[in-house]
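Single-structure report; data block below.
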Amino acid sequence: MRVKMGTVVPKMGTFVHLVEEPTDYRTAIAMALHEELDDTHRAIKMAMRWTGASERTVKYWFSGERGPSGDHLIALARHSDAVLYVVLALAGRHIVEEADD
């Protein structure tokens with residue numbers, strides 16, 4: 029199954045609406061990284077700077093073959109709204125922002 033790539037514009041506020049709701053941790057993190065950073069070598073370097081992880085490790089995250097563990101996941105969530113929202117969604121803690129009238 030091929031994952032549909034592209035830019036998804038948030039419907040409201042800064043909440044990231046994924047095209048599909050993955051239940052697999054590795055796939056969800058990979059989708060969030062692609063959403064936030066795209067799929068270039070520059071994106072891999074940025075994630076490496078954010079986390080201090082090696083290039084090979086970050087490539088595994090982008091491919092969805094492996095997922096970040098503890099410290100790296102926290103560092104990614106610190107810098108990436110998409111990763112933060114995916115982790116919260118996987119935990120069943122959806123954040124709904126109310127629009128100010």
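For the sequence shown, our numbering assigns the number 29 to the initial residue and increments by one for each residue that follows.
Cβ coordinates follow ideal geometry from the N, Cα and C atoms, glycine included.
Is the beta carbon of residue i less than 7 Å from the beta carbon of residue j?
i, j, result
"Ala119", "Leu112", "no"
"Leu65", "Met74", "yes"
"Ala56", "Val114", "yes"
"Glu63", "Ala110", "yes"
Using the Cα positions of residue i and residue j, report the straight-line distance between them to the nearest angstrom.
i, j, result
"Ser108", "His122", "16 Å"
"Ile102", "Gly80", "12 Å"
"Val37", "Glu83", "Reliability fails at Val37, whose pLDDT of 49 lies under 50, so the model's placement of it is uncertain and the value that follows must be treated cautiously. Looking at the two C-alpha atoms, the distance is approximately 29 Å."
"Pro96", "Trp89", "7 Å"
Nearest to residue i by alpha carbon, out of the options?
i, options, result
"Ser91", "Ala103, His69, Arg77, Thr79", "His69"
"Tyr53", "Ile102, Ala110, Arg94", "Arg94"
"Lys87", "Glu63, Ala117, Ala110, Ile72", "Ile72"
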